[in-house]
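Heads up, the sequence shown stops at 333 in UniProt numbering, and the numbers go up one at a time, no gaps.
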Amino acid sequence: MAIPQASMGPSSLGQSGPGSMAPWCSVSSGPTRYVLGMQELFRGHSKTREFPAHSAKVHSVAWSCDGRRLASGSFDKTASVFLLEKDRLVKENNYRGHGDSVDQLCWHPSNPDLFVTASGDKTIRIWDVRTTKCIATVNTKGENINICWSPDGQTIAVGNKDDVVTFIDAKTHRSKAEEQFKFEVNEISWNNDNNMFFLTNGNGCINILSYPELKPVQSINAHPSNCICIKFDPMGKYFATGSADALVSLWDVDELVCVRCFSRLDWPVRTLSFSHDGKMLASASEDHFIDIAEVETGNQTLTILTRLLCHSSLAMRTPHVFSSLFLTTLLVL
Numbered sequence: 001m002a003i004p005q006a007s008m009g010p011s012s013l014g015q016s017g018p019g020s021m022a023p024w025c026s027v028s029s030g031p032t033r034y035v036l037g038m039q040e041l042f043r044g045h046s047k048t049r050e051f052p053a054h055s056a057k058v059h060s061v062a063w064s065c066d067g068r069r070l071a072s073g074s075f076d077k078t079a080s081v082f083l084l085e086k087d088r089l090v091k092e093n094n095y096r097g098h099g100d101s102v103d104q105l106c107w108h109p110s111n112p113d114l115f116v117t118a119s120g121d122k123t124i125r126i127w128d129v130r131t132t133k134c135i136a137t138v139n140t141k142g143e144n145i146n147i148c149w150s151p152d153g154q155t156i157a158v159g160n161k162d163d164v165v166t167f168i169d170a171k172t173h174r175s176k177a178e179e180q181f182k183f184e185v186n187e188i189s190w191n192n193d194n195n196m197f198f199l200t201n202g203n204g205c206i207n208i209l210s211y212p213e214l215k216p217v218q219s220i221n222a223h224p225s226n227c228i229c230i231k232f233d234p235m236g237k238y239f240a241t242g243s244a245d246a247l248v249s250l251w252d253v254d255e256l257v258c259v260r261c262f263s264r265l266d267w268p269v270r271t272l273s274f275s276h277d278g279k280m281l282a283s284a285s286e287d288h289f290i291d292i293a294e295v296e297t298g299n300q301t302l303t304i305l306t307r308l309l310c311h312s313s314l315a316m317r318t319p320h321v322f323s324s325l326f327l328t329t330l331l332v333l
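Okay, here's the thing in structure tokens:
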């Protein structure tokens, strides 16, 4: 991703340039061959199952980088790991040690054996599925609510309820940097090139910092209300944001221009997930369905009906070795 030379304010709708939204909410006129093919595939392979994982509501789910394991974090202070065997999940282990709710977790970007959990007990814990043990506990200054692992695997960023983001060396387990923000930080993420750090905030903005310098690069007015979540596509071409305005916006990574909007949800968008090839985007909210769209056109590929409300996390997996999409969402009241 090219680094913009100066911070720029939001542009008017329809204008070009960093921070603009052009074209706004563009959607193609009809389904593409890709969408029709995926819809046919889903009709022939669609299955929905529920897997008991925790004794209380689930806050987070994530697939390992090799797509073989699914981890979940819960209000019951534990994390669980499931192993994917053909078309079913088998619970492998339960991970205990946190003294409060496990609010978010993520896997190492290239090591399928390591994952990290963030908890309200003011710690993060790194776990190894080979030993089923915690290999490191790092104390932080506040109650942690979000976490991400840098694409190069060297740094873990954790954010707390006081809007402080701490950057932790993944090898030494020591703090490398700490930033206090004056706005509500909702979700955090590196770009795929590892040279930018993105934050969504309560003012509807996307704040971009250079990395590792952590200098402000740009602030984009992405939504008219609270910008809740952010996700980068695996190909590095786009990133998506979800907002309290019930919109999902798709952004060009290099140009920082909104190229498309998805507006089929009616409630605040809580979570997003791209397919492995970046061609599909799943989004969920308190609506009783999950919307899956083709990224390049905005056309709906599939709707998955749900019994309960999605307040937390969504993970989508479409590996080349499987013929159908395997999607997991955590549905909690």
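Note that beta-carbon positions come from the ideal geometry of N, C-alpha and C, so glycine has one too.
Per DSSP, the unbroken beta strand (DSSP E) holding Gly242 starts and ends at 238-243. Gln104 counts as buried, since no fewer than 16 other beta carbons sit within 10 angstroms of its beta carbon. In this structure, Lys176 lies near Phe167, with their beta-carbon atoms less than 7 Å apart. Cβ contact annotation for Gly120 (same chain, cutoff 6 Å, sequence separation greater than five): Asp100, Ser101, Glu143, in chain order. Restricting attention to Ser189, Ser210, Val217, Ser243, the CA atom closest to the CA of Asn203 is found in Ser243. Counted as a single uninterrupted DSSP element, the beta strand (DSSP E) harbouring Gly73 occupies residues 69-74. One Cα belongs to Thr117, the other to Leu36, and the distance between them is close to 39 Å. Just so you know, the alpha carbons of Glu40 and Thr301 end up roughly 10 Å apart. Two segments are said to touch when three or more pairs of C-beta atoms, one from each, lie closer than 8 Å; by this definition the segment 74-90 does not touch the segment 135-152. Scanning Gly278, Ile292, Ile156, Thr48 for the CA closest to the CA of Asp233 turns up Gly278.
Residue range 216-221 is occupied by the beta strand (DSSP E) that includes Val217. The shortest C-alpha to C-alpha distance from Leu209 to any of Ile188, Thr32, His276 is the one to Ile188.
For the pair Asn94 and Phe51, the Cα-to-Cα distance works out to about 14 Å. The alpha-carbon of Asp113 is positioned some 12 Å away from that of Leu83. Take the alpha-carbon of Ser283 and the one of Thr306: they are about 13 Å apart.
Residue pairing by DSSP leaves Asp152 without any beta bridge partner.
For Val253, there is no enclosing beta strand (DSSP E), as DSSP marks it with neither H nor E. Residue nearest to Gln218 within the set Leu199, Arg125, Lys231, Phe262 is Leu199 (criterion: CA-CA distance).
Its Cα nearest to that of Lys231, the residue Ala62 stands out among Arg49, His98, Arg96, Ala62. Comparing alpha carbon positions, the residue from Cys258, Ser285, Ser60, Arg96 closest to Cys148 is Ser60. Contact annotation, Ile156 with Ile124: C-beta distance approximately 7 Å; criterion of less than 8 Å satisfied. The shortest C-alpha to C-alpha distance from Lys141 to any of Val164, Val129, Gly153 is the one to Val164. One alpha carbon belongs to Ser110, the other to Thr131, and they sit about 18 Å apart. Apart from the 5 residues on each side of it in sequence, Gly97 sits with its Cβ closer than 7 Å to the Cβ of Arg125, Cys134 in its chain, given in chain order.
With distances taken between CA atoms, Lys182 lies nearest to Asn207 out of Phe197, Asp266, Asn207, Ala71. The DSSP-derived three-state label of Gly37 is helix.
Here Lys77 is buried: its Cβ has 16 or more other Cβ atoms, across all protein chains shown, within 10 Å. DSSP, read as helix, strand or coil, puts Phe181 in coil.
Looking at the DSSP output, Met280 sits in a beta bridge with Glu294.
Between Phe42 and Lys57, the CB-CB gap reaches or exceeds 7 Å.
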